[in-house]
Amino acid sequence: MKRILTFLIVAGIIAAAPSDLQAHWPRGTFAGGILEASVIIDTTHTEAFLVRKNADGGDIFTVDTQNENVAIGGQLLIDDGTAGAPGLAFESDPTKGFYSASGSIIGSVGGSGRFRILIDYLDLFKADGPRLRRLTPTNVVPTLNPLGNATALGLGAANALSLSLIADGVEGIRIAGAATPGEVSSVFGGNVVETITDATSAGDATLTKAGENFDVTCSAGDAVLIYGGSTAGDYGLYVIVTVTSPTVLTLDRVLVGGDVDVDFDVIADGVVIENSTDPLITRLRVPGNLYVGDDVLSVNTSTGTIGIGVTPHATRKLSVNGLIRLSQNSDAFTWGSAAATLRGDGGSGNGLYFRGAGNGTMLLEVIQNVQSVLSTGNFDFLNLSQRINQTGTAGYRGIFLNVTETGTGSGAKLLMDLQVDTNSKFTVSNTGETTIDGYTKLGSDAPVIKMKKLTGTSPAVGASATIAHGLNQSKIVGVQALVSNDTGNRIPPNFTSVASHEFDFFIDATNVYIYCIAGNSSSINGNAVVVLITYEE
């Protein structure tokens with residue numbers, strides 16, 4: 021009998037004894053789970069057995085044979101124990117049981133702590149193991165933590181019908197019960213999403229997220245409803261499969277199973293917004309101004325002006341702060357009813373062309389700091405081609421340039437200046453003066469010529485004077501010489517109409533020779549000589 025009572029107390033089990041028992045145990049201590057006292061059973065009592073500790077006659081252990089109860093008066097104190105030898109253990113396997121350590125009760129199995137009970141939570145006695153906390157759960161306060169020390173991560177409850185998945189103290193996903201079936205908040209704690217699968221079906225369309233194991237099969241008319249209010253449809257949009265071949269996804273405010281009330285269509289050839297009947301046209305309307313990024317692109321919807329890197333100008337349709345670059349593709353930009361285009365030339369070197377159709381045709385190529393790498397053919401730096409088809413009194417100007425001068429400085433005033441290597445080759449001044457620094461060809465049969473002016477002094481009467489010309493004599497095709505008389509008049513060679521005015525000239529490989537005729541040149545000797553030479557390339 022002593023052995024049986026000892027087993028019941030050590031195991032911590034309160035159970036029915038073989039007979040009706042009631043006991044009061046004297047306050048004391050245990051060693052290794054074995055009572056440090058003798059248990060003496062008084063068999064003379066008809067109702068109960070009284071067992072007294074030898075050294076203490078005040079505390080008693082009473083076994084009631086009528087009510088099947090065992091009572092212990094005072095505390096039952098046992099050794100704290102360890103993981104390998106729990107203070108409260110089972111006789112069949114003393115490594116199983118409970119022991120006390122560091123303010124917690126630890127359950128031990130196989131000689132190792134497996135779970136523990138603390139003041140505020142219960143966990144699995146493992147570093148960062150899951151914990152069940154003694155808290156009131158909300159949708160931002162989890163009571164079950166998969167990582168014990170991460171108290172803001174785990175499962176909570178928004179209400180009695182919803183389960184909340186919480187990360188960093190924010191509700192990330194909510195799974196609702198029967199009252200609101202299928203409702204799940206967005207991954208980042210956003211609006212509620214409800215999937216509708218019972219819409220009218222007109223065929224199947226499979227939506228696949230490339231590169232991931234994410235396949236969703238929908239039928240035409242099936243939809244996903246996105247809304248952000250307490251009532252289904254608040255601020256809502258349906259994503260509907262409206263056509264199956266090719267697949268068309270429609271973003272609509274009304275679930276109609278078709279595109280009769282389409283607000284936003286995503287199709288194979290483009291995007292349609294706001295009931296556009298042309299699937300290749302995109303329309304976007306916003307109630308206020310539109311901004312992209314950190315005001316990098318802004319649109320004033322009331323004035324229809326656009327600003328790139330700058331606030332849109334009040335009246336100018338496009339305001340840009342910085343450079344504009346158009347891709348080097350044919351017909352990169354088109355405007356106007358005549359299909360005028362701005363395009364990059366892919367063949368002759370990064371040029372820009374402005375062109376149009378009909379009588380408005382113009383081709384303008386502007387090249388700056390571009391090196392021609394052609395081995396054959398011509399490279400046109402500037403090509404203006406205008407087609408004229410007029411009648412009546414109409415006229416045209418191939419090139420028209422007008423400069424209105426309200427005041428000019430002391431520098432050069434040129435309407436045109438054509439240069440090579442920063443050297444002017446052809447200029448037209450504001451007074452109409454034209455300068456050509458090079459050879460000139462006047463007509464298909466004419467030579468390519470230049471002209472050179474020489475000056476000198478005429479010799480004495482009957483003598484000769486020379487002026488070096490510095491040219492290849494064989495290239496000289498014409499020479500004119502004039503000598504001033506004593507009154508400043510220019511006299512041509514062999515002039516005999518007035519006495520004393522006669523001279524002659526000729527050229528050799530080096531010089532132009534001037535001769536004052538003896539006896540008939542006293543009015544022109546010692547005066548200025550002007551020679552104009554025409555020579556070919």
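Add 20 to a position in the sequence shown, counting from 1, and you land on the number used in the working numbering. In this text, a Cβ means the ideal position worked out from N, Cα and C, and glycines have one as well.
Span of the beta strand (DSSP E), counted from its first residue to its last, around residue i
{"i": "phenylalanine 135", "result": "132-137"}
{"i": "asparagine 320", "result": "317-320"}
{"i": "phenylalanine 145", "result": "Per DSSP, phenylalanine 145 belongs to no beta strand (DSSP E) and is neither H nor E."}
{"i": "phenylalanine 399", "result": "Per DSSP, phenylalanine 399 belongs to no beta strand (DSSP E) and is neither H nor E."}
{"i": "proline 577", "result": "Lying outside 21 to 557, the shown extent of the chain, residue 577 is not represented and no answer is given."}
{"i": "asparagine 179", "result": "174-179"}
{"i": "serine 541", "result": "Careful: serine 541 lies outside any beta strand (DSSP E) and carries neither H nor E."}
{"i": "threonine 475", "result": "468-477"}
{"i": "serine 124", "result": "124-129"}
{"i": "glycine 327", "result": "325-328"}
DSSP state of residue i mapped onto helix, strand, coil
{"i": "serine 449", "result": "strand"}
{"i": "serine 494", "result": "helix"}
{"i": "glutamate 556", "result": "strand"}
{"i": "glutamate 191", "result": "strand"}
{"i": "valine 207", "result": "The predicted model places valine 207 with a pLDDT of 40, which falls under 50 and marks its position as unreliable; any figure quoted below should be read in that light. Three-state DSSP puts valine 207 in coil, outside helix and strand."}
{"i": "aspartate 437", "result": "strand"}
{"i": "serine 184", "result": "strand"}
{"i": "lysine 337", "result": "coil"}
{"i": "tyrosine 459", "result": "coil"}
{"i": "arginine 153", "result": "strand"}
{"i": "aspartate 113", "result": "strand"}
{"i": "asparagine 422", "result": "coil"}
{"i": "serine 464", "result": "coil"}
{"i": "asparagine 169", "result": "coil"}
{"i": "threonine 331", "result": "coil"}
{"i": "asparagine 409", "result": "coil"}
{"i": "leucine 404", "result": "coil"}
Status (buried if at least 16 other CB within 10 Å, exposed otherwise) for residue i
{"i": "isoleucine 534", "result": "buried"}
{"i": "alanine 501", "result": "buried"}
{"i": "serine 122", "result": "exposed"}
{"i": "alanine 485", "result": "buried"}
{"i": "glutamate 191", "result": "buried"}
{"i": "isoleucine 98", "result": "buried"}
{"i": "leucine 552", "result": "exposed"}
{"i": "leucine 108", "result": "buried"}
{"i": "arginine 136", "result": "buried"}
{"i": "arginine 336", "result": "exposed"}
{"i": "tyrosine 119", "result": "buried"}
{"i": "isoleucine 544", "result": "buried"}
{"i": "alanine 103", "result": "buried"}
{"i": "glycine 429", "result": "exposed"}
{"i": "glycine 168", "result": "buried"}
{"i": "threonine 163", "result": "buried"}
Residue i versus the options, residue with shortest Cα-Cα distance
{"i": "isoleucine 527", "options": "Val497, Ile537, Arg510 and Ser520", "result": "Val497"}
{"i": "aspartate 506", "options": "Asp188, Pro479, Ser542 and Phe523", "result": "Ser542"}
{"i": "phenylalanine 523", "options": "Val503, Thr530, Asn531 and His333", "result": "Val503"}
{"i": "asparagine 159", "options": "Asp148, Leu175 and Ile511", "result": "Leu175"}
{"i": "leucine 144", "options": "Thr460, Pro166, Pro157 and Gly123", "result": "Pro166"}
{"i": "serine 517", "options": "Gly508, Val532 and Asn540", "result": "Asn540"}
{"i": "threonine 475", "options": "Asp441, Gly327 and Gly546", "result": "Gly546"}
{"i": "glycine 490", "options": "Thr530, Gln439 and Val550", "result": "Thr530"}
{"i": "leucine 404", "options": "Phe420, Leu462 and Gly412", "result": "Phe420"}
{"i": "lysine 146", "options": "Leu155, Ser128, Pro162 and Thr163", "result": "Ser128"}
{"i": "leucine 183", "options": "Gly189, Ala196, Asn509 and Ala172", "result": "Ala196"}
{"i": "glycine 549", "options": "Ile125, Lys470 and Ala488", "result": "A small correction: the amino acid at residue 549 is valine; glycine does not occupy that position in the sequence shown. The shortest Cα separation from valine 549 among Ile125, Lys470 and Ala488 belongs to Ala488."}
{"i": "asparagine 341", "options": "His333, Gly329 and Ala334", "result": "Gly329"}
{"i": "serine 520", "options": "Gly482, Gln493, Thr413 and Asn492", "result": "Gly482"}
{"i": "threonine 115", "options": "Gly133, Leu434 and Ile125", "result": "Gly133"}
{"i": "tyrosine 555", "options": "Asn450, Thr477 and Ala466", "result": "Ala466"}
{"i": "leucine 155", "options": "Val316, Pro512 and Ala177", "result": "Ala177"}
{"i": "methionine 471", "options": "Asp457, Val532, Asp113 and Tyr416", "result": "Asp457"}
{"i": "glycine 431", "options": "Gly415, Gln439 and Asn450", "result": "Asn450"}
Proximity test, residue i beta-carbon vs the ligand SAH heavy atom, cut-off 7 angstroms
{"i": "arginine 510", "result": "This structure lacks the ligand SAH, and indeed carries no ligand of any kind."}
Minimum Cβ-Cβ distance from residue i to chain B less than 8 angstroms
{"i": "isoleucine 534", "result": "The question asks about chain B, but that chain is absent: this structure has only one protein chain."}
Those runs of the beta strand (DSSP E) which lie wholly inside the region 489-535 and span at least 3 residues: 496-504 and 523-527
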